Each structure stands twice: as structure tokens, then as C-alpha cells.
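Trainee:
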Ligand SMILES: Nc1ncnc2c1ncn2[C@@H]1O[C@H](COP(=O)(O)OP(=O)(O)OP(=O)(O)O)[C@@H](O)[C@H]1O
Ligand SMILES: [Mg+2]
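Residue numbers (full-length UniProt numbering), protein chains in the order written: chain H, 1 to 250; chain U, 1 to 414.
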């Protein structure tokens with residue numbers, strides 16, 4: 001589904017991704033871990049199409065298409081979704097209106113008829129249940145004055161509405177209380193299917209108890225320096241990153 | 001020069017004095033500090049008709065329902081239909097004869113008229129003007145709707161002037177619907193309003209300006225507030241080749257609340273200038289000024305907000321904010337907050353911002369599948385909607401919203 005080859009990206013003069021290779025198949029869950037500043041969010045942003053980053057080398061193929069060739073909105077329409085580490089506040093636009101615009105624009109891109117108000121109502125109601133989110137939150141200005149946990153929950157609600165092929169969750173667990181973590185993880189699991197894939201960026205093994213990964217990768221200084229199965233996450237929890245980093249020959 | 005023809009108009013003594021004041025100064029030029037971005041020198045090249053007798057086409061009354069419908073058509077004031085209880089309309093001289101106490105106060109009103117030569121021109125050429133007198137304790141169930149419409153077939157300078165007198169404890173909503181027809185010849189629309197809000201009276205005033213490209217509109221709205229009164233002022237500048245608003249609040253009593261809301265969306269070749277003054281002359285009052293602008297195409301905007309806190313005006317709270325979005329790299333916005341504070345126990349703040357839409361927000365929206373153009377439109381509409389939503393008359397809110405939305409969408413090509 002997703003094939004990243006030797007991906008290099010920089011911002012200004014600073015090279016942040018320095019040769020990423022990653023293969024993801026439909027139905028898989030990949031966890032990406034790594035120390036602060038190693039480039040996890042950068043990788044997520046580059047996949048979503050953030051224009052501040054310049055891709056200097058490498059390729060990304062998504063469902064047979066050159067992902068790097070597409071505008072962010074085209075990537076979304078093709079099925080890429082990024083749950084932001086820091087969701088952005090959009091004053092004056094409610095989540096529901098925002099999602100209506102997004103859904104209908106994506107439908108237009110796919111040559112489908114727009115949904116009407118009644119269809120939206122039904123769909124939103126169903127998706128709200130996934131993450132146990134309240135209607136009153138969805139009527140407010142998007143993310144404005146939301147608590148940290150509410151923002152993250154809202155991201156997963158949006159994911160549920162857009163039903164992506166590839167979901168990238170960037171530290172969706174940070175800022176969530178224990179119950180919310182479980183609810184959000186269950187929501188993500190419900191959305192999982194043999195035809196979609198998930199990338200989970202996290203610092204904590206705890207999330208991976210709920211969203212069980214098929215593969216765990218360690219990102220360090222813009223490269224994947226180690227990959228393994230879910231046991232690797234347990235090992236990292238116990239021993240930190242030093243043992244991996246010190247074994248590296250630069 | 002165009003003003004040469006003014007010399008031959010015969011006027012009474014007082015009116016002639018006003019005319020002489022105007023002629024001594026002429027039309028504002030950008031050499032005057034207050035008109036730095038807004039020269040009207042080009043008006044000198046036009047052979048003005050100073051007293052139009054034409055009747056506008058399309059002078060239908062507005063769709064907004066009111067307790068009272070008023071019209072100023074090419075400067076001629078008329079009342080449409082009957083007057084509701086508690087409202088009287090009469091000429092200034094008749095009003096003055098009945099209200100000597102008011103006139104004493106009125107003569108000491110002391111407006112700030114620096115570099116405002118067009119006020120003098122209006123004064124000189126409006127030989128008489130009407131007073132809309134809302135009697136003490138009157139609460140009108142619906143707004144007073146005043147439609148000002150200009151439409152001429154030869155270049156005309158049109159003077160309009162009203163005095164609105166809202167007595168003690170009265171509650172009034174005023175809709176000021178200003179337009180010129182798009183097919184009209186060149187217009188100078190010069191409009192003076194003096195609004196007196198007496199003790200414990202409340203006024204909501206919604207002014208919409210929707211003028212043709214060939215119209216120059218200069219607005220002088222001077223509001224005098226007495227103790228315990230509240231005014232919620234809205235100025236929506238939607239269209240106009242050249243629009244200059246002089247909005248003055250004179251806080252002449254204690255416990256006064258003055259809310260100034262403004263929204264301007266100039267488009268290609270349009271110029272919209274908001275000069276506001278809030279003059280706190282008495283203690284314990286509050287003013288909140290919130291202006292927003294979206295500048296489209298190659299438009300130019302100006303915001304100049306003056307706040308005076310006089311030595312007597314202790315415990316004044318005065319807040320001002322002006323936020324602008326440049327929707328195109330050809331648009332320009334000039335902002336200048338000016339605070340002059342002579343009292344020590346006051347709370348004042350001001351802030352102006354002018355910028356592009358946030359890249360962060362645009363990327364976030366695009367990452368959800370919303371195209372860049374649609375995302376920009378959505379953000380701008382949200383930005384302006386926050387001012388429009390404060391209007392509490394549904395059909396008026398809708399009419400403003402429709403016009404603003406259409407203008408922004410058209411400019412952005414969506
Ligand atoms: N706009 C930017 N300008 C300059 N440097 C940047 C910018 N964005 C990211 N960087 C730098 O790139 C590096 C990688 O950042 P990134 O956010 O991808 O790290 P991360 O792995 O997600 O970290 P964390 O675990 O703290 O979220 C950091 O050193 C960061 O300072
Ligand atoms: Mg990060």
C-alpha cells in the first residue's frame with residue numbers, strides 16, 4: 001500500500017529525514033518510536049504533504065501513485081489521514097461544518113454525489129459513538145479552547161468520518177487520560193480493516209497494548225535504525241534508546 | 001476648479017460662514033495628516049451638480065421590516081407611511097424651538113472637526129435638515145429603517161443630514177441602509193448624522209454601505225452619549241469606490257457603554273477608510289472597539305482609531321482591536337491606533353494585526369481534503385462571520401452575510 005524509499009527531506013538548510021525506507025501493506029499496523037526530535041512528526045507531515053519540507057531525494061508510492069506529486073487535499077482524497085500531534089485551532093469554523101466541507105470535497109474528487117444534511121446527521125451520529133464524543137464539542141469552533149484530550153478525541157472523530165486507507169496517528173495518546181486512551185484506541189481498532197493500514201507514532205508502550213502493532217520501528221536522526229515486532233516496544237520501554245544508539249556506527 | 005461654482009450660491013449668514021470655511025480649505029488632500037491615504041483632490045476636476053433634482057430609479061423600500069421607514073433619495077428626505085407612537089419628525093428649527101434646553105447642550109457639543117472640511121460643505125449646503133425624535137421611554141418593536149439611495153445621470157455632489165434624538169429610557173434599533181446604483185454617474189455622497197442618546201437610553205445602530213465604484217461616500221456619524229446609556233454600533237462597508245467613515249463617540253456621562261463593531265471588505269479598485277474617535281469625557285465608562293477587514297484584489301484599507309481619555313474620565317475602560325486579512329498580495333492595509341490618555345486610573349488596550357491567513361490552519365484543512373481555495377474562503381468567511389453574527393435582526397444578518405460572502409467568493413474565484 002505504502003512504499004517509502006530512501007526518503008530525504010529538509011527544512012531550510014537542515015536535513016531532517018536522511019534516508020527512510022518503509023514498506024506497509026494493507027491490514028498492517030506499524031508503530032514508529034524514537035527520541036524527541038528524531039523526525040517522527042516530520043515524516044508524518046511529509047506524508048501528508050506539508051509544503052514547508054523539501055523532499056530532496058527518494059520516493060513515496062501510495063496505492064500505485066506517486067504520493068509526493070499530490071497536493072495535501074489530493075492525498076486526503078486518495079485516503080491519507082494525519083492525526084496531528086498538535087491539532088490546529090480554527091476559529092469560527094465548527095467541527096461539523098469543517099467535516100461537511102471535507103467530506104463533500106473528497107466526494108467531488110472521487111466523482112461522488114455530495115451528502116445532504118440528513119445523511120450527514122446520520123453519519124456523524126454513528127461516528128460520534130466511535131470515540132464517545134459529545135455533540136456540543138462538535139458545534140464549537142474547531143479545537144478552539146479544547147482541552148488536550150478533547151483535541152485528540154476530535155482528531156479520531158475526523159478519522160472515523162473520513163475513513164482513510166492510511167491513518168497516521170502522531171502521538172494521539174499524549175494528553176489522554178487512562179479512560180480516554182482506551183476509548184480512543186478502541187475507536188482506532190474499530191476502524192481497522194484488512195484493506196487499510198495504520199502508522200502509530202508514540203513514545204509509550206502503553207498505547208501499543210491497545211493498538212497492537214505488527215511492526216515497531218525506531219527512528220533516530222532521520223533514519224529507521226531498528227525494526228522489530230511488538231516485543232521491541234517492550235524492550236524499549238525497559239531499556240530506553242541508548243543500547244540501540246550506541247550500537248550504531250555512524 | 002469644481003468648487004468655483006460654489007461661490008455663486010447665495011446662502012444665509014451662518015451657512016455662508018460654513019461655506020467660507022470649506023472654500024478656505026477645499027477638498028482634503030493627502031498633505032493633511034488625517035487624509036494621508038485618502039486624497040480627494042481629484043474631486044476638483046469634476047463639474048459637480050451641487051443640488052440634484054433627479055429621482056433615483058429602484059427606490060423601492062428595503063426588505064427589512066421596520067416600525068418606521070425613512071428614505072433619503074439623492075439627499076431628499078421622506079417618510080414612507082405613518083409614524084409610530086413615540087416618534088416625531090420635524091425640521092431642525094421647529095425642533096429647536098420646542099427644546100431650548102437641548103439646544104443649549106447641543107451648542108456646547110464640541111465635536112472634533114480637525115481637517116474635516118466636508119462637514120462644513122454639508123453644513124453649508126443643507127439649508128434645513130430633519131430631526132427624528134424618539135420620545136422618552138419609547139420602545140419600538142421593530143427597527144427604524146433609513147434607506148439612503150443615490151443615483152444620478154450627471155455628476156452630482158449629494159448632501160444628506162439627519163439628527164437623531166433619543167430621549168431618556170428609549171430603546172431604538174436603527175438600520176441605516178446606504179447605497180448607490182451601479183449604473184449611476186459619479187457621486188459624492190456627503191452624509192452627516194448627529195445622534196443623541198440621552199440618559200438610560202439604548203441604541204443599536206447597523207449601518208451598511210454598498211456603493212458603486214464611481215461613488216465617493218464620506219460619512220460623519222457623531223454619537224453623543226449621556227449617563228447610563230448604551231450604544232451598539234455596527235458599520236459594514238461592503239462596496240464602494242471610495243468610502244471614508246468618520247465615526248465619533250462622545251461619552252458625555254457616567255456608566256456609558258459604547259460598542260463599536262466594524263467590518264470592511266474592499267475589492268478591486270476600492271478604498272475603505274475607517275477613522276474612529278472615542279472621546280471619554282466623563283468617568284466610569286467603557287468602550288469596546290472591534291474592527292475587522294478582509295482586503296481583496298488590489299484594494300486599500302485604512303483604520304485610524306483614536307481614543308481620548310480626558311482628565312476627568314477616571315476609571316475608564318477602553319479597548320480597541322483591529323484585525324485584517326490580506327487576501328491578495330496586491331492589497332494594502334494601513335492601521336494607526338492613537339491613544340491619548342490624561343487620566344491615571346484607566347484600563348486601555350489596543351492591538352492591530354494585518355496578515356495572511358495562517359499556513360498552519362490552511363495545511364490542517366487541506367490535509368482533510370479541503371482544497372486550498374476552499375480552505376481560504378472558509379477561513380475568511382469564519383473571520384467575517386464573527387462580526388456579522390452579532391447582528392440580531394435575522395433578515396438583515398442574512399442580507400449582509402450574503403453580500404459579503406458573495407463578494408469574497410467572487411474575488412477568490414470559488
Ligand atoms: N519548521 C522547522 N524549522 C526548523 N526545524 C524544524 C522545523 N520542524 C522540525 N524541525 C526540527 O526537525 C527535527 C525533527 O522534528 P520532529 O518534530 O519531526 O521530531 P519528533 O520526532 O516528532 O519529536 P517529538 O518526539 O518531540 O515529537 C527537530 O530537531 C526539529 O527541531
Ligand atoms: Mg513529534
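Ideal Cβ placement from N, Cα and C applies to all residues, glycine included. Predicted model only: the values in this text are computed from it and were never measured.
Would a check of beta-carbon distances place residue 19 of chain H closer than 7 angstroms to chain U?
Mentor: With 7 angstroms as the cut-off, residue 19 of chain H does not count as an interface residue toward chain U.
Trainee: Among U:343, U:296, U:289, U:293, which one has its Cα closest to the Cα of residue 313 of chain U?
Mentor: Residue 313 of chain U has its Cα closest to that of U:343, out of U:343, U:296, U:289, U:293.
Trainee: For residue 106 of chain H, which residues in chain U fall below 7 angstroms Cβ to Cβ?
Mentor: Near residue 106 of chain H (Cβ distances below 7 angstroms), the residues of chain U are 369.
Trainee: With 8 angstroms as the limit, tell me which residues of the segment 158–192 of chain H have their beta carbon closer than that to any beta carbon of chain U; keep them in chain order.
Mentor: Answer set for the segment 158–192 of chain H: 158, 162.
Trainee: Can you list the residues near ligand 3, meaning Cβ strictly closer than 5 angstroms to any non-hydrogen atom, in the order they appear in the chain?
Mentor: Absence of ligand 3 is noted for the structure shown, with ligand 1 and ligand 2 being the only ligands found.
Trainee: Applying a beta-carbon distance threshold of less than 9 angstroms, which residues of chain U neighbour residue 77 of chain H?
Mentor: Simply 369.
Trainee: Quick check: the segment 187–196 of chain H against the segment 158–166 of chain H, are there 3 or more CB pairs under 8 angstroms?
Mentor: The answer is yes - the segment 158–166 of chain H touches the segment 187–196 of chain H, with three or more Cβ pairs under 8 angstroms.
Trainee: For residue 146 of chain H, report the span of its beta strand (DSSP E) as first-last.
Mentor: Looking at the DSSP string, residue 146 of chain H is not in any beta strand (DSSP E), and its letter there is neither H nor E.
Trainee: In chain order, what residues of the segment 8–41 of chain U put their CB closer than 9 angstroms to some CB of chain H?
Mentor: Here the close residues number zero.
Trainee: For residue 50 of chain H, which residues in chain U fall below 7 angstroms Cβ to Cβ?
Mentor: Those are 363, listed as they occur along chain U.
Trainee: Using the rule of at least 16 other Cβ atoms within 10 Å of the residue's Cβ for burial, across every protein chain shown, is residue 414 of chain U buried or exposed?
Mentor: With fewer than 16 other Cβ atoms within 10 Å, it is exposed.
Trainee: Based on the DSSP secondary-structure assignment, which residues constitute the bridge partners of residue 234 of chain U?
Mentor: Answer by DSSP bridge pairing, in chain order: U:206, U:261.
Trainee: For residue 219 of chain U, count neighbouring Cβ atoms within 10 angstroms of its own Cβ and tell me buried if that reaches 16, exposed if not.
Mentor: Counting Cβ neighbours within 10 Å, residue 219 of chain U comes out buried, since at least 16 surround it.
Trainee: If we count the other Cβ atoms within 10 Å of its Cβ and call it buried at 16 or more, is residue 14 of chain H buried or exposed?
Mentor: Under this definition residue 14 of chain H is an exposed residue.
Trainee: Pull up the distance between the alpha-carbon of residue 249 of chain U and that of residue 137 of chain H, whole angstroms please.
Mentor: Cα-Cα distance, rounded: 39 angstroms.
Trainee: Under the three-state reduction of DSSP, which class applies to residue 368 of chain U: helix, strand or coil?
Mentor: Looking at residue 368 of chain U - three-state DSSP - the assignment turns out to be coil, as it is neither helix nor strand.
Trainee: Count Cβ pairs between the segment 105–113 of chain U and the segment 229–242 of chain H that sit closer than 8 angstroms; are there 3 or more?
Mentor: With a cut-off of 8 angstroms, the segment 229–242 of chain H and the segment 105–113 of chain U do not count as touching, because too few Cβ pairs lie within range.
Trainee: Using the C-alpha atoms, what's the distance from residue 193 of chain U back to residue 207 of chain U?
Mentor: Roughly 12 angstroms separates the two Cα atoms.
Trainee: Kindly indicate which three-state DSSP category residue 392 of chain U falls into: helix, strand or coil?
Mentor: Coil, per DSSP.
Trainee: Measure the alpha-carbon distance for residue 125 of chain H versus residue 273 of chain U and round it to whole angstroms.
Mentor: When rounded, the distance between both Cα atoms is 47 angstroms.
Trainee: In whole angstroms, what is the alpha-carbon distance linking residue 95 of chain U and residue 173 of chain U?
Mentor: Computed Cα separation, rounded: 22 angstroms.
Trainee: What does residue 72 of chain H reach in chain U if we use C-beta pairs closer than 7 angstroms?
Mentor: Ordered by position in chain U, the residues that pass the 7 angstroms Cβ test against residue 72 of chain H are 363, 366, 367.
Trainee: For chain U, find out if any of its Cβ atoms is closer than 7 angstroms to the Cβ of residue 201 of chain H; answer yes or no.
Mentor: No, residue 201 of chain H does not count as interfacial toward chain U.
Trainee: Buried or exposed for residue 418 of chain U, please, with buried defined as at least 16 other CB atoms from any protein chain shown within 10 angstroms of its CB.
Mentor: The displayed coordinates of chain U run from 1 to 414. Any statement about residue 418 of chain U would go beyond what the structure contains.
Trainee: Any heavy atom of ligand 2 closer than 6 angstroms to the Cβ of residue 85 of chain H?
Mentor: Correct: residue 85 of chain H has its Cβ closer than 6 angstroms to ligand 2.
Trainee: Taking the alpha-carbon positions, what's the residue 24 of chain H to residue 297 of chain U distance?
Mentor: Those two C-alpha atoms are separated by around 46 angstroms.
Trainee: In chain order, what residues of the segment 108–140 of chain H put their CB closer than 8 angstroms to some CB of chain U?
Mentor: Residues 109.
Trainee: With a 10 Å radius around its C-beta and 16 neighbouring C-beta atoms as the bar for buried, classify residue 7 of chain U as buried or exposed.
Mentor: Looking at its Cβ environment, which holds fewer than 16 other Cβ atoms inside 10 Å, residue 7 of chain U is exposed.
Trainee: What's the call for residue 247 of chain H, buried or exposed, on a 16-neighbour Cβ count within 10 Å?
Mentor: Burial call: exposed.
Trainee: At 3 residues or longer, what runs of the beta strand (DSSP E) sit wholly inside the segment 39–121 of chain U?
Mentor: As far as the segment 39–121 of chain U is concerned, its whole beta strand (DSSP E) runs of at least 3 residues are 68–73, 76–80, 87–91.
Trainee: Quick one: which chain U residues come within Cβ less than 9 angstroms of residue 41 of chain H?
Mentor: Going along chain U, no residue has its Cβ under 9 angstroms from residue 41 of chain H, so there is no contact; the nearest lies around 13 angstroms.
Trainee: Give me the chain H residues within the contact set of residue 188 of chain U, using Cβ-Cβ distance strictly less than 8 angstroms, ordered along the chain.
Mentor: Near residue 188 of chain U there are no residues of chain H at all, since even the closest Cβ is about 37 angstroms away, more than 8 angstroms.
Trainee: To the nearest angstrom, report how far apart residue 223 of chain U and residue 286 of chain U are at their CA atoms.
Mentor: Cα to Cα, residue 223 of chain U sits roughly 15 angstroms from residue 286 of chain U.
Trainee: Determine the closest residue to residue 124 of chain U out of U:178, U:15, U:54, U:41, with distance taken between C-alpha atoms.
Mentor: Looking at the Cα atoms, U:15 is the closest of the given residues.
Trainee: By the criterion of Cβ-Cβ separation under 7 angstroms, what are the contact partners of residue 360 of chain U in chain H?
Mentor: Those are 88, listed as they occur along chain H.
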